[in-house]
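Those letters in the sequence shown? Residues 199 to 693, per the working numbering, in order. Cβ atoms here follow ideal geometry from the backbone N, Cα and C, with glycine treated the same way. Just so it is clear, the structure is predicted and the values come from calculations on it, not from any experiment. Here the structure is laid out as structure tokens; the discussion comes afterwards.
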Amino acid sequence: MTDLNKLTLADARDKLRAKEVTSVELTEACLSAAEASSALNAYVHNTPEIALEQAKAADARLAEGDAPAMCGLPIGVKDLFCTKGVPSQAASSILEGFTPEYESTVTQNLFDAGSVMLGKLNMDEFAMGSSNETSCYGNAVNPWRRSGDETNLTPGGSSGGSASAVAADICLAATGTDTGGSIRQPAAFTGIVGIKPTYGRCSRWGVVAFASSLDQAGPMTKSVRDAAIMLEAMAGHDPKDSTSADLAVPNFEAMLTGDIKGKKIGIPKEYRLDGMPDEIAKLWDDGIAMLKAAGAEIVDISLPHTQYALPAYYVIAPAEASSNLARYDGVRYGHRATLAQGDGINEMYEKTRAEGFGAEVQRRVMVGTYVLSAGFYDAYYNRARRVRALIKKDFDDAFAAGIDAILTPATPSAAFGLGDMKDADPVKMYLNDVFTVTLNLAGLPGIAVPTGVSSEGLPLGLQLIGRPWEEGDLLNTAYALENAAGFVAKPNQWW
């Protein structure tokens, strides 16, 4: 059977159980497709030996019966997840040569469920970026192109390699992480599904930290059903992560009925930004109409502190990053600069960080150190924390008033060209996160679903925001939206 790499997780699982294919066959198909796709620069560390070994073990487990849903399914892993014996660099030169002796909890959960790791995927350095242009491995490339145009486009960031790999069918699904939109924005840019779970639903242990109170792992998949299947395998309480929630993980797939009759969907007026492109506004209106036709009740709501979300995020996230990245000093692991005679420890720190960290990481570390410094701590950091509490209260009030989910655009535009924002004011790049950062500040679950194409033939996505811990309900609403939109477009293969 050809094109096995194009299957969804659900279809591949069903074929494995029906003994129509083996995990080894699925894995070999994905490895071949990945090998032929170097132009996308999605994979940065290939692990074919590990993959085939895991696939053989999965086939043996499937033969015995009673294997979990993810058993035998080949996936890609974002380079932010520590994987035992496999380079885990967070796309940074400062971690060159770092090979962990331990496995992140999320990847361990996936491997325990029988998943197969094809390799590690490209990303923005330390997950800082919205275009996958800050990676020490070079840019990841979007498999989509504008109609009649050969310009390479961004797959979004920071989980750009994951998004590109799933959209190009060089893995069946991938792990991503989301600190301010890094699962949802690339998913929207590449026509796939990406869910950021509630903060604490997936363990952060063994995931290289960017901003500890915002980071959350989640799946990037070809369909909402696949997201439900994979999230169940990834999630769960972890005593090694003090922020991990001690809650049972439901069977998310069983909750996909598509019935959303009587559900109240909130439409926040603050997300109708000045200068919003017409096609984004139309996409949103079309999504509202689809949910209404499916029986949902549409309710206009207000989230009054939305306008302060981006500035608050770009104070809190760099502050936490400057604290987290202080451990990269050239002393214990990773890159160490060559020192001149007479250099002391301060020179070692300075030279190592100057060589190891890219420009965007340096910028955020400096911003973070500044807002945490004695004279500015109250003026910036504490004020941002107070704004964060107000943003969370806006959502709490909406949900308390009976809103079940909130519908917004996922991104302010379709994918843009690689290099388009290279020399622009960095704030222009940060504006890509305008619809997504509020969820991270409030710790809420959110999902991006592809629902249309732009005038240039590029995918566009909508975002649904759910109540905390109610990913099952959120996935079901997303399932209804996915069914109504009927998005089936795929990129034309040029790579």
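Element boundaries [beta strand (DSSP E), containing residue i]
{"i": "E495", "result": "495-499"}
{"i": "M315", "result": "314-319"}
{"i": "T375", "result": "371-376"}
{"i": "Y241", "result": "241-244"}
{"i": "G274", "result": "272-276"}
{"i": "K462", "result": "462-466"}
Cβ shell of residue i (< 7 Å), same chain only, five flanking positions each side left out
{"i": "A492", "result": "I458, A678, A682"}
{"i": "H503", "result": "V585, L588, I589, D592"}
{"i": "V447", "result": "E430, A433, G434"}
{"i": "G378", "result": "L412, Y511, A515, D631, T634, V635, N638"}
{"i": "C269", "result": "A256, R259, L260, A311, G312"}
{"i": "S652", "result": "E477, A612, L658"}
{"i": "T455", "result": "N674"}
{"i": "A265", "result": "R259, G312"}
{"i": "M488", "result": "L679, A682, A683"}
{"i": "Y579", "result": "V513, A517, V569, L570"}
{"i": "T419", "result": "L207, V364, A371, I390, V391, A425, M428"}
{"i": "S357", "result": "K276, M321, G374, T375, S380, I381, P384, M418"}
{"i": "G283", "result": "T297"}
{"i": "G670", "result": "P448, F450, M453"}
Residues sharing a beta bridge with residue i, DSSP
{"i": "L616", "result": "According to DSSP, which records beta bridges pairwise, L616 is partnered with nothing at all."}
{"i": "P648", "result": "G659"}
{"i": "T606", "result": "Q661"}
{"i": "L351", "result": "G615"}
{"i": "V284", "result": "T281"}
Run of the alpha helix (DSSP H) containing residue i, from where it starts to where it stops
{"i": "Y628", "result": "624-628"}
{"i": "P516", "result": "507-522"}
{"i": "V222", "result": "221-233"}
{"i": "M215", "result": "According to the sequence displayed, residue 215 carries Arg and not Met. From DSSP, the alpha helix (DSSP H) with R215 extends over 207-215."}
{"i": "T567", "result": "557-570"}
{"i": "Y677", "result": "669-683"}
{"i": "R530", "result": "It is not in any alpha helix (DSSP H) - R530 carries neither H nor E in the DSSP assignment."}
{"i": "M546", "result": "543-554"}
{"i": "V635", "result": "635-640"}
{"i": "I589", "result": "581-598"}
{"i": "N307", "result": "303-310"}
Neighbourhood of residue i by C-beta, 6 Å cutoff - its chain only, sequence neighbours within 5 removed
{"i": "G556", "result": "E323, T332"}
{"i": "Y469", "result": "T606"}
{"i": "L293", "result": "Q287, G532"}
{"i": "A407", "result": "N522"}
{"i": "A237", "result": "W693"}
{"i": "N203", "result": "A227, C228, A231, D367"}
{"i": "V559", "result": "E323, F324, M326"}
{"i": "G566", "result": "P516, A517, A519, S520"}
{"i": "A267", "result": "R211, I427"}
{"i": "A582", "result": "A510, V513, I514"}
{"i": "S329", "result": "T352, G355"}
{"i": "Q252", "result": "V314"}
{"i": "T441", "result": "G398"}
{"i": "W667", "result": "T396"}
Contacting residues, own chain, Cβ-Cβ under 8 Å from residue i (five flanking each side not counted)
{"i": "K590", "result": "L639, A640, G641"}
{"i": "G615", "result": "T349, N350, L351, T352"}
{"i": "R534", "result": "G528, M546, T550"}
{"i": "A538", "result": "E545"}
Residue-chain proximity (residue i, chain B), Cβ-Cβ < 8 Å
{"i": "G274", "result": "Any reference to chain B falls outside this structure, which holds one protein chain only."}
State whether the region 393-409 contacts the region 642-654, with contact taken as three or more CB pairs (one from each stretch) at a distance under 8 Å. With the cut-off at 8 Å, the region 393-409 and the region 642-654 touch.
Pairs of beta-carbons, one from the region 596-606 and one from the region 308-328, closer than 8 Å: are there three or more? no
Ignoring anything shorter than 4 residues or poking outside the region 359-434, list the alpha helix (DSSP H) runs there in chain order. 382-388, 422-432
Flag this pair as touching only if the region 458-467 and the region 485-502 have three or more C-beta atom pairs under 8 Å; answer yes or no. Result yes; three or more Cβ-Cβ pairs closer than 8 Å.
At least 3 beta-carbon pairs within less than 8 Å: the region 367-380 vs the region 226-243: yes
Would the region 334-342 and the region 571-582 be scored as touching if the rule is three or more Cβ pairs under 8 Å? Proximity of the region 334-342 to the region 571-582 falls short of the contact definition, fewer than three beta-carbon pairs being nearer than 8 Å.
Contiguous beta strand (DSSP E) assignments of at least 3 residues, all confined to the region 437-489: 462-466
Decide if the region 296-309 is in contact with the region 339-346; the criterion is three or more beta carbon pairs, one per stretch, under 8 Å apart. Touching, no, given that fewer than three Cβ pairs across the two stretches are closer than 8 Å.
Within 8 Å, do at least three Cβ pairs link the region 471-484 to the region 609-618? yes
Inspect the CB distances between the region 240-251 and the region 203-212 and report whether three or more fall short of 8 Å. no
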